[in-house]
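Structure record follows, encoded as structure tokens.
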Amino acid sequence: MKTVVVDRDFLELEIKPYARLEEYRRLTEEDVRGRLLTAGEFTPCPCPGCRSTASRVVFEKSGMAYLECDHCRSVYVSPRPPEEALVDFYRNSRSARFWREQILPETKETRRAKVFRPRAQWVLNVLDRYRPGARLGIVVGYHNGLLVEELARQESHLFHMIVTNAIADIEFRGSELPNVTIRPTSASALPSLGPADIFLAFDIVDRCADVEALVAAAQATLAPGGLLLASTISISGFDLQVLWDRSESIYPPERLNLLSTEGLIALFERHGFETLEFSTPGVLDVEAVQRVIHKQPEAPWPRFIRYVVEKRDEDAMNGLQEYLQKYRLSSFARMVLRKPR
Amino acid sequence: MKTVIIGYGYMGQIRKQVVDTMPGLKLCGICDPFLVPGLIPGDCAHYQDYRDAIDDVRPDIVFVCTPNRYTPDVCIYALEQGCHVFCEKPPGRNLTDIQRIIEVEQKHPDLKLMFGFNHRYHPAIVEAKALVEAGRLGRILWIRGVYGKSGGRGKEFEASWRNDLAISGGGILLDQGVHMLDLFRFFCGEFQEVLGLLSTAFWNVPVEDNAFVVLRNDQGQIAQLHSSATLWKHTFRLELGLEKAYLIVEGLLSKTGSYGREKLIIGHRPGDDEDTALGNPREEIVYFDKDLSWDFQVRELVNCIKDSLPVTDSSSHDALRVMEVIDAIYTQAQSKGPLVAVSIGNRGMQ
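Chains as they are written, first to last, in the numbering used here: chain A, 1 to 341; chain B, 1001 to 1350.
Here you go:
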């Protein structure tokens, strides 16, 4: 297994303008309470990482209970809304539209340059290393338009991609990319699109109602030796461990599953995947902690953490962030997993 | 397949671990005239003479892990007895030694002969090679390597057989630099010109403790090596400059971990439309946890044997070519004239 460390070359502010983000969070809270909590029956679930049912409520956000698994320490929402309610939320809620129509266009070029161009490079490097000659890729998850564009831009002979998320028709409206098919598809129907060489599941494990079904679908969709590339927010990361319920990154419905490192490994191993890479190349942990401590100085923060983020310079912050990456302790996790041949 | 290990020092013990864990291989004998009592394995026969070991066991594969002086004789005997051979690097003391081995190999085309250029199989090298081969990063412009040891405790280092010219045939260049030269070929293919400078800068040994080598090939690619026994810190660093990126392999997973955590740094040349600060591009650093190079290489040999495939990696051809470079450098070092690059390639056997 390998792990990857990257430079920090942007600020969170560049991709998430704070004023806009405050408004987005306010709308999300309203939408969750006014739309999601009343949308169908909520279902309790075991830990999405290790499947243990031993857990306890650790905090609540927007009327939803977050549980911590006694076994693998993953944190997750239970009971939770059904997938259909989530799809409706992402298609029609005011907050989702605000994200699509306000925040994304404003930050589009920064996201392209700082997030999606490197991600596309990484995807292509992974393919060169483990699956040269790939012919079919399946893309699940939301907001992958820039990634798909960058893949097409960087590789003129790119494999055929099928973008499957339930709002892809909205996200890709007016976009014509060669070799890209838009086909919203439920998890259970994904295997019919295969066999695929690569299955891209970025930023979906954390917001998916049924992770088990998603990973099972990836397994069934991939050809033997095919690759699953996934990224997610992980509760094992520095900012989430320090900030915990005060973290601005933890809110429903985008963060239903905050799997720990151990939970993630258990999840993918249970489905027979071999882990080729497990990295936490996040660049925003320290900045997030710094910002929240600054906003809530009266909260009982660990003295050392408060001292470091308040008194030390940018170089020390960058060094700490690099340390977190090197030892897989950032909250942004990504994995390369291979289906056995 | 039955195996024997000839030479049970540091490398012989590593090979035993590989054989013991690889399905289909069985270690049946070990030969070493100086077996250390505490290290003698109890699960196979022991021999003092390699010929007895090979005659008695009739192995399928012979692992040659001897000091350089004995390498050609053991390889040749094993081949003549119908055994496949895995031989540690370097392939003897000099060009003549590898030429002798190849002469016998050519008389036994059904037998497989592989040399221990295991660095090709290190995870960071494998990853770098895959990135280069994919072509996305452009053509290799240049390659530069530093490979060196601390020298360790002085007396032990000076007394090592590796620094005894009659046994080793050369110093740090032959012992360790050979790996880096092999990697240069692995990435760039053949080189046609070589320029080398040797020095015995510090240690009281009759061989070089530092070598500086520059190579150039027909594609205009230039390679530079510093091989040293006076770095005072175990160091492995291989840099590749490509048209659209640079790759740096640093550290090397090893038994002791003394070369540092193996990593591959990938840096992309900023595009014209990117605002990355000039001279400080974004980098990705890939860390690796596990060295399976020993296993991968032996598995490759086993597959060649099982499937009757030619050995195309770490072959006798690779060994010959790298020894041609080293021979040219040693020849240059002995000449008193001005330093000029010499042509290499096809100096050995056709």
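All residues carry an ideal CB built from backbone N, CA and C; glycine is no exception. Predicted, not measured: the structure shown is a model, and the values here were computed from it.
Element boundaries [alpha helix (DSSP H), containing residue i]
i	result
Lys1129/B	1123-1134
Gln1219/B	Run containing Gln1219/B: none; DSSP gives neither H nor E here.
Cys1188/B	1178-1188
Val1298/B	1293-1306
His1119/B	It is not in any alpha helix (DSSP H) - His1119/B carries neither H nor E in the DSSP assignment.
Trp1142/B	No alpha helix (DSSP H) contains Trp1142/B, which is instead part of the beta strand (DSSP E) from 1140-1148.
Pro105/A	104-111
Arg20/A	18-31
Val1104/B	1095-1107
Glu314/A	314-326
Leu127/A	117-130
Ser95/A	94-98
Terminal residues of the beta strand (DSSP E) in which residue i lies
i	result
Tyr66/A	64-69
Tyr1008/B	Looking at the DSSP string, Tyr1008/B is not in any beta strand (DSSP E), and its letter there is neither H nor E.
Phe1063/B	1061-1064
Met335/A	332-338
Phe42/A	Note, Phe42/A: premise wrong, no beta strand (DSSP E); not H, not E.
Gly1154/B	Careful: Gly1154/B lies outside any beta strand (DSSP E), inside the alpha helix (DSSP H) at 1154-1159.
Lys2/A	2-6
Leu276/A	274-279
His160/A	160-163
C-beta neighbour in chain B for residue i, strict 7 angstroms
i	result
Glu1/A	A quick correction: the sequence has Met, not Glu, at residue 1/A. It does; some Cβ of chain B falls within 7 angstroms.
Helix, strand or coil at residue i according to DSSP, with G and I counted as helix
i	result
Val1036/B	coil
Asp1327/B	helix
Val1286/B	strand
Asp197/A	strand
Gly1241/B	strand
Met1349/B	Below a pLDDT of 50, predicted positions are generally treated as unreliable, and Met1349/B, at 42, falls in that range; the measurement from the model is reported next regardless. Three-state result, Met1349/B: coil.
Val309/A	helix
Tyr142/A	coil
Phe304/A	helix
Asn257/A	strand
Cys1075/B	helix
Leu37/A	coil
Ile250/A	coil
Ser1316/B	helix
Ile1172/B	helix
Contact set between residue i and chain B, taken where Cβ atoms lie within less than 8 angstroms
i	result
Val6/A	Arg1282, Glu1283, Glu1284, Ile1285
Lys108/A	Under the 8 angstroms cutoff, chain B gives no residues; its nearest Cβ is about 14 angstroms from Lys108/A.
Lys295/A	Under the 8 angstroms cutoff, chain B gives no residues; its nearest Cβ is about 29 angstroms from Lys295/A.
Per-residue contacts from residue i into chain A (C-beta, under 7 angstroms)
i	result
Glu1127/B	Arg129
Residue-level contact to chain A via CB, residue i, 7 angstroms cutoff
i	result
Leu1131/B	yes
Ala1134/B	yes
Asp1307/B	no
Arg1347/B	For Arg1347/B, the predicted structure reports a pLDDT of 49, less than 50, and the residue's modelled location is therefore unreliable. The matter cannot be settled from this model.
Gln1350/B	Residue confidence for Gln1350/B is low, a pLDDT of 37 falling below 50, so the modelled location carries little weight; the figure read from the coordinates is stated next. False, the Cβ-Cβ gap to chain A never drops below 7 angstroms.
Residues that residue i contacts on chain B, provided the C-beta gap is smaller than 7 angstroms
i	result
Leu124/A	Arg1136
Pro340/A	By Cβ distance, chain B contributes nothing, its closest Cβ being about 17 angstroms from Pro340/A, past 7 angstroms.
Pro132/A	Ala1134
Lys61/A	Here the premise fails: no neighbours, minimum Cβ distance about 34 angstroms.
Neighbour list for residue i in chain A, Cβ cutoff strictly below 8 angstroms
i	result
Phe1157/B	Going along chain A, no residue has its Cβ under 8 angstroms from Phe1157/B, so there is no contact; the nearest lies around 33 angstroms.
Pro1059/B	By Cβ distance, chain A contributes nothing, its closest Cβ being about 31 angstroms from Pro1059/B, past 8 angstroms.
Pro1310/B	Within chain A, no residue comes near Pro1310/B; the closest Cβ sits about 23 angstroms away, beyond 8 angstroms.
Pro1123/B	Lys2
Under 9 angstroms by beta carbon: chain A residues contacting residue i
i	result
Gly1268/B	The question names Gly, but residue 1268/B in the sequence shown is His. Per Cβ cutoff of 9 angstroms: Pro118, Gln121.
Asp1289/B	Met1, Lys2, Thr3
Does the contact criterion of 3 or more C-beta pairs under 8 angstroms hold for the segment 331-341 of chain A versus the segment 1012-1024 of chain B? no
Would you check if the segment 258-267 of chain A and the segment 59-79 of chain A touch, i.e. whether three or more CB-CB distances between them fall below 8 angstroms? yes
Indicate whether the contact test is met: 3 or more Cβ pairs, each with one atom in the segment 180-191 of chain A and one in the segment 97-108 of chain A, closer than 8 angstroms. no
Can we say the segment 1024-1033 of chain B touches the segment 1077-1092 of chain B, given the rule of at least three CB pairs closer than 8 angstroms? no
At least three beta-carbon pairs within less than 8 angstroms, the segment 1128-1148 of chain B to the segment 1223-1242 of chain B: yes
Sufficient close CB pairs (3 or more, under 8 angstroms) joining the segment 1248-1256 of chain B to the segment 1187-1207 of chain B: no
I'd like to know if the segment 38-51 of chain A and the segment 221-240 of chain A are in contact, where contact means that at least 3 CB-CB pairs between them fall below 8 angstroms. no
Check whether the segment 1106-1115 of chain B touches the segment 1300-1309 of chain B, taking contact to mean three or more Cβ pairs, one atom from each stretch, closer than 8 angstroms. yes
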